[in-house]
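Beneath this line is the structure, given in C-alpha cells, with notes to follow.
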Amino acid sequence: MTGTEHRDLPLHVEEHGSGLPVVFTHGYGDTSSTWDAQVAALDSAYEVVVWDLRGHGRSAAPHDPSAYSRDLALADLRRVIGDRPAVILCGHSLGGYLSLAYAVEHPDAVKGLVLLATGPGFRSDDSRAKWNRILVRAARSFDVPDESIGIVEQPDSMVIDSLPGIGAPVLQIVGQDDTRYHGGVGYIERQVPDVSTLFVAGARHHPQSEQPAVVNAAIQDFLRDLATPEPE
Numbered sequence: 000m001t002g003t004e005h006r007d008l009p010l011h012v013e014e015h016g017s018g019l020p021v022v023f024t025h026g027y028g029d030t031s032s033t034w035d036a037q038v039a040a041l042d043s044a045y046e047v048v049v050w051d052l053r054g055h056g057r058s059a060a061p062h063d064p065s066a067y068s069r070d071l072a073l074a075d076l077r078r079v080i081g082d083r084p085a086v087i088l089c090g091h092s093l094g095g096y097l098s099l100a101y102a103v104e105h106p107d108a109v110k111g112l113v114l115l116a117t118g119p120g121f122r123s124d125d126s127r128a129k130w131n132r133i134l135v136r137a138a139r140s141f142d143v144p145d146e147s148i149g150i151v152e153q154p155d156s157m158v159i160d161s162l163p164g165i166g167a168p169v170l171q172i173v174g175q176d177d178t179r180y181h182g183g184v185g186y187i188e189r190q191v192p193d194v195s196t197l198f199v200a201g202a203r204h205h206p207q208s209e210q211p212a213v214v215n216a217a218i219q220d221f222l223r224d225l226a227t228p229e230p231e
C-alpha cells in the first residue's frame, strides 16, 4: 500500500472538558496516557484533546513502512484538530516536533505552542542522517511496530529553517537533567520571536509525569495569558 492509502487510519482520540482547545501529542514509543496529569489539571477550564499517534496505543498500527512518515502524522494531527479554528498545541519530544511542523504549515490555525523536551531538528544532512540512524537502533526497545520508525525520522530541515517565522507564543519545558535537549532548546530560544523556557529541576525526558505539578502550573499560566484579551 502507498502512503496515500494509509492516510485515514483509525486513530484513538479523547476529548475532555470545554473551552479553549488544547491538543496534546505524545512522543515516540509513548501513548496519550503520558498526559493523564495534564488532563486532570486542565479539563475543568479547557477542552483537552489527547490522541495516540499511528502505530501507538489504541490507534491503528499497520506493519507497513509506507504507513509512517512526518507528513502522514501531520495529516493525522489535522484530522484530530478538525474544524476547530485556532488551537494550542502541546507536544512532547516527537509530539513537540510535529507541533512545530504543524505551526509552520498552518500558522493561522495555531494560537500557541507548548513544547516539552523538544528539539527543532537538524539543518545539516549529515547530522540528520546520524540522528535517524540512532533512532533506528533505539526504536527496537519500544513497544511499537518496527516499521513505525518512519514517523520519527526527519526527512529534511523544514522545521529548523522555519523557526523565525513562527508567530505564535511558545513555552518550552525541559528537564534540568535532560541535557541532550538543552542545545536544541537554546537554539529555539534564539530563533523564535516569542518564546519562554522553563527548566524543571528533578526531571529528565518526561517532565509531564516526573514533575507534573510544576509542569501543570507553567501550562496553566501560559494558557491563562493566551486566553486574556490584549488591551486595545
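0 is the number of the first residue of the sequence shown in numbering that gives the first Met the number 0; add one for each residue after it.
Every residue gets a Cβ at the ideal spot worked out from N, C-alpha and C, and that includes glycine.
Remember, it's a predicted structure, so these values are computed and weren't measured experimentally.
Notebook entry, point to check: Do the stretch 131–146 and the stretch 90–106 touch if we need at least three Cβ pairs shorter than 8 Å?
Noted result: no
Check: Would you say residue 86 and residue 22 are within 7 Å of each other, going by their C-beta atoms?
Finding: Here residue 86 refers to the residue found at position 87 of the sequence shown. Here residue 22 refers to the residue found at position 23 of the sequence shown. Yes, the Cβ-Cβ distance between residue 86 and residue 22 is below 7 Å.
Notebook entry, point to check: Where does residue 1 sit, in a helix, a strand or coil, going by DSSP?
Noted result: For the purposes of this step, residue 1 is taken as residue 2 along the sequence shown, with counting starting at 1. Confidence at residue 1 is low in this model, with a pLDDT of 36, below 50, so the placement of that residue should be treated as unreliable; the coordinate-derived value is given next. Note: residue 1 maps to coil in three-state DSSP.
Next item on the list: Could I get the ranges of all uninterrupted alpha helix (DSSP H) runs contained in the stretch 122–190, with 4 residues as the minimum, in chain order?
Entry: 124–137, 157–161 and 181–190
Note to self: Let me check understanding here. Comparing Cα to Cα, which of 61, 131, 80 and 43 lies closest to residue 12?
What the structure shows: As a working note, residue 12 is residue 13 in the sequence shown. Residue 80 is the option with its Cα nearest to residue 12.
Item checked: Beta-carbon gap between residue 224 and residue 203 smaller than 7 Å -> Residue 224 sits at position 225 when you count from the first residue of the sequence shown. Residue 203 sits at position 204 when you count from the first residue of the sequence shown. In this structure, residue 203 does not lie closer than 7 Å to residue 224 by Cβ.
Notebook entry, point to check: According to the neighbour-count rule (16 or more other Cβ atoms, all chains shown, within 10 Å of its Cβ), is residue 135 buried or exposed?
Noted result: The residue you call residue 135 lines up with position 136 of the sequence shown. Under this definition residue 135 is an exposed residue.
Item checked: Neighbourhood of residue 58 by C-beta, 6 Å cutoff - its chain only, sequence neighbours within 5 removed -> In the sequence shown, residue 58 corresponds to position 59, counting from 1. Excluding residues within five positions, the ones whose Cβ falls inside 6 Å are 10, 11 and 51.
Checklist line | Exposure of residue 84, with buried meaning 16 or more beta-carbon neighbours within 10 Å | finding: The sequence position of residue 84 within the sequence shown is 85, counting from 1. Result: exposed.
Notebook entry, point to check: Using the beta-carbon count (16 or more within 10 Å), is residue 77 buried or exposed?
Noted result: One-based indexing of the sequence shown puts residue 77 at position 78. Exposed, because fewer than 16 other Cβ atoms sit within 10 Å of the Cβ of residue 77.
Note to self: Using a Cβ-Cβ cutoff of less than 7 Å, which residues in the same chain neighbour residue 3 once the five nearest sequence positions on both sides are dropped?
What the structure shows: The count along the sequence shown starts at 1 and reaches residue 3 at position 4. No answer about residue 3 holds up, because its pLDDT of 46 lies below 50 and its placement is not dependable.
Next item on the list: Quick one: grab the DSSP three-state call for residue 115.
Entry: For this step, residue 115 is matched to residue 116 along the sequence shown. Residue state, collapsed to three classes: strand.
Next item on the list: Grab the span of the alpha helix (DSSP H) containing residue 211 for me, first residue to last.
Entry: In the sequence shown, the residue the question calls residue 211 occupies position 212. Residues 211–226.
Margin query: Is it buried or exposed, residue 107, if we count other Cβ atoms within 10 angstroms and call 16 or more buried?
Written below: Residue mapping note: residue 107 aligns to position 108 of the sequence shown, counting from 1. The residue is exposed, with fewer than 16 neighbouring Cβ atoms inside 10 Å.
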